[in-house]
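K.L.:
In the order they appear, the protein sequences are chains A and X.
Going by numbering that gives the first Met the number 0, the first residue of the first sequence is number 0, and it counts up by one from there.
Going by numbering that gives the first Met the number 0, the first residue of the second sequence is number 0, and it counts up by one from there.
Ideal Cβ positions, reconstructed from N, Cα and C, are used throughout, including at glycine.
Remember, predicted model here, so these are calculated numbers, not experimental data.
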Amino acid sequence: MKRFVLVVLFFLLVTQALSDEKRFSVPLNDSPAYGPASARVTIIEFLDFQ
Amino acid sequence: METYQGKVRLVIKNYPYIYRDYSHLAAEASLDAGDQGKYWEMHDLLLKRSPKLDRQSLIGYAKELRLDVKAFTESLDGKKHATQIERDKQLAVSLDLYNTPTFFINGRKVIGELPFENFKKIIDEELKNAPR
Chain A
0 MKRFVLVVLF
10 FLLVTQALSD
20 EKRFSVPLND
30 SPAYGPASAR
40 VTIIEFLDFQ
Chain X
0 METYQGKVRL
10 VIKNYPYIYR
20 DYSHLAAEAS
30 LDAGDQGKYW
40 EMHDLLLKRS
50 PKLDRQSLIG
60 YAKELRLDVK
70 AFTESLDGKK
80 HATQIERDKQ
90 LAVSLDLYNT
100 PTFFINGRKV
110 IGELPFENFK
120 KIIDEELKNA
130 PR
C-alpha cells in the first residue's frame, strides 16, 4: 500500500513538472518589431532568410 | 498577424546560419532596408525570393522597393549592422537554439515552421491568460 501511494505521488509530481512549461526571458533590444508595444502577446522569432 | 491586429507583436532576431553563403548578407539587407523605413517590405520579399540572396539580387530587391540604392549598397558592403546581428547570434547561442525558425511566444519556446493552427492555439491561450 505504501509503495502504491509513493508511485501515485511520483506521477503527480512528474505531471506537474511537465505542465509547468518553461518561459524564457528574451531581451527585445532595438530589434525590428511589428505591432504595438502594448500587445498582450509578444512573439520573438529567430530567423534565417536563406 | 492580421488576425490579431493590435493584440500581438512580432519581433525579429537574426540567426544567420554560419555555413550558408548569403544568410548573413540577407540579414544585413533587411536591417539596411529598415534604416529606410522598409524593414517589413524587405523581410517579406527576402522570404519570398529565398534562396536567391546574393549581393546583386539584394541590390535588385532594394531597387524594387524603391529604396535609396546607393545608401543601401553602402550599408550592405560596409556591414553596418554586423554588431546587431552578432548580438542576436550570441543571444541565440545563449538560449541553446539550433534551429530556425524558433519562436518565443510570451517566452514559450516553439521550434520550427508549424501550421498556423498550432500558433493560434498558443496565442489564444496567452491572450486568455496574460494580464491585461
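For Leu44(X), which residues from the same chain have a beta carbon less than 8 angstroms from its beta carbon, with the 5 sequence-adjacent residues on both sides left out?
P.N.:
The residue labelled residue 44(X) in the question sits at position 45 within the second sequence. Closer than 8 angstroms at the Cβ level, and outside the excluded window around Leu44(X), lie Tyr60, Glu63 and Leu64.
K.L.:
Please list the terminal residues of the continuous beta strand (DSSP E) segment that includes Ile43(A).
P.N.:
As a first step, residue 43(A) must be located in the first sequence, where it is residue number 44. Taken as a continuous stretch (DSSP letters only), the beta strand (DSSP E) holding Ile43(A) covers Val40 to Leu46.
K.L.:
Threshold first: 4 residues or longer. Then list the alpha helix (DSSP H) segments lying entirely within the segment 42-68 of chain X, N to C.
P.N.:
Here the runs fully enclosed are 54-63.
K.L.:
Sort Gly5(X), Leu94(X), Ile121(X) and Leu126(X) by Cα distance to Ser24(A) and report the nearest one.
P.N.:
Here residue 24(A) refers to the residue found at position 25 of the first sequence. Among Gly5(X), Leu94(X), Ile121(X) and Leu126(X), the Cα nearest to that of Ser24(A) is on Leu94(X).
K.L.:
Spell out whether any CB of chain A is found under 8 angstroms from the CB atom of Arg54(X).
P.N.:
By one-based count along the second sequence, residue 54(X) stands at place 55. No - not a single Cβ of chain A is within 8 angstroms of the one on Arg54(X).
K.L.:
Starting from Val6(A), find everything on chain X with Cβ-Cβ shorter than 9 angstroms and list it in chain order.
P.N.:
As a working mapping, residue 6(A) is identified with position 7 in the first sequence. Chain X residues near Val6(A): none, gap ~30 angstroms exceeds 9 angstroms.
K.L.:
Given a cut-off of 8 angstroms, decide if Ile11(X) and Leu27(A) are closer than it, judged by their beta-carbon atoms.
P.N.:
Here the question's residue 27(A) lines up with position 28 in the first sequence. Here the question's residue 11(X) lines up with position 12 in the second sequence. Not closer than 8 angstroms, so no.
K.L.:
So which residues on chain X does Phe45(A) lean against when the C-beta distance must stay under 7 angstroms?
P.N.:
Locating residue 45(A) in the first sequence gives position 46, where the first residue counts as 1. By Cβ distance, chain X contributes Lys12, Tyr14, Ala91, Leu96, Thr99, Pro100 and Thr101.
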